[in-house]
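To keep things clear, I will list the structure first and then write my remarks on it.
Next up, the structure:
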């Protein structure tokens, strides 16, 4: 019996772990407890192939390190490469969930199959990131100038710095929501980059409570993961990547009757 082929062209219909046909549906609101179950499912996906997963994470970090030290174009390249590689991680996660094994080559499948929409997604993310940095940066430098003036004349520090931080977070979180599931929606369902971005945002928006729990748990797990020279992230990183696939599956996939 042959395994499902993760390299086949994406369509709106895929298969779940039980080989039942599923299709992309409207985002579903999940219970708060899913914030924990997504992480446990992510760890199960990591256990399907610890070696390939650790190898993929190391290669990802090396690629981002090399790209990050390039002058001028590093920010552009990072934003372009991140969705391409994340889509490959989603393919690896689906293979792990459906077949119980992982292949290192999964990491680069999306580069071959869906590079154009994923690159466009990266440019969308880059554009929003630039707007966020311009707005928050202008407020930050204004707050620094005002604080220096206030200190010189014995006044209280300006509140613009706190405002700049709050605005930065207020804009960054929606950007993350739009980017969170977009690579999976592109590679599995052939959505356009903007449709994938907005659909991902809606999926996160209707699941604020489970994602709040998810974020708290992930933050707590990161503390021991980074203590031993960050080596724990070689396990936690793939686990969190797998959890994105688990959440995508719960929120967007509908089993056909």
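Residue numbers (our numbering): -1 to 255. Just so you know, even glycine gets a beta-carbon here, dropped at the ideal spot from N, CA and C.
For residue 70, there is no enclosing beta strand (DSSP E), as DSSP marks it with neither H nor E.
In this chain, residue 252 is not harboured by any alpha helix (DSSP H); it is covered by the beta strand (DSSP E) spanning 251 to 253.
Taking a contact as a CB-CB distance under 8 Å, the pair residue 119 and residue 81 counts as one, their CB atoms being some 5 Å apart.
For residue 19, the secondary structure class from DSSP, reduced to helix, strand or coil, is strand.
In the structure shown, residue 28 adopts coil according to DSSP, grouped into three states.
Within the same chain, no residue comes within 6 Å of residue 135 by CB-CB distance, once the 5 residues on both sides are set aside. When the beta-carbon positions are compared, residue 246 and residue 139 stay at least 8 Å from each other.
Annotation: the continuous alpha helix (DSSP H) that includes residue 193 extends over 191 to 203. Here the alpha carbon of residue 175 sits roughly 5 Å from the alpha carbon of residue 199. The beta carbon of residue 85 sits closer than 6 Å to those of 108, 116, 181, 185, all from its chain and outside the five residues before and after it, given in chain order. Distance from the CA atom of residue 105 to the CA atom of residue 51, rounded to whole angstroms, is 9 Å. One Cα belongs to residue 210, the other to residue 34, and the distance between them is close to 10 Å.
In the three-state reduction of the DSSP assignment, residue 247 falls in the helix class, which pools H, G and I. Per DSSP, reduced to three states, the secondary structure at residue 111 is helical. The residue from 168, 237, 202, 98 with its alpha-carbon nearest to that of residue 250 is 202. In this structure, residue 244 places its C-beta atom within 8 Å of the C-beta atom of residue 39.
For residue 213, the uninterrupted alpha helix (DSSP H) run begins and ends at 206 to 224, by DSSP.
In this structure, the CA atom of residue 101 is about 8 Å from the CA atom of residue 47. Residues of the same chain with a CB within less than 7 Å of the CB of residue 166, apart from the 5 flanking positions on each side, are 130, 134 in chain order. Rounded to the nearest whole angstrom, the CA to CA distance from residue 42 to residue 159 is 43 Å. Rounded to whole angstroms, the separation of the alpha carbons of residue 207 and residue 27 is 9 Å.
Residue 101 carries a coil assignment under DSSP once its states are collapsed to helix, strand and coil. Shown here, residue 179 sits in coil according to DSSP, grouped into three states, outside any helix or strand.
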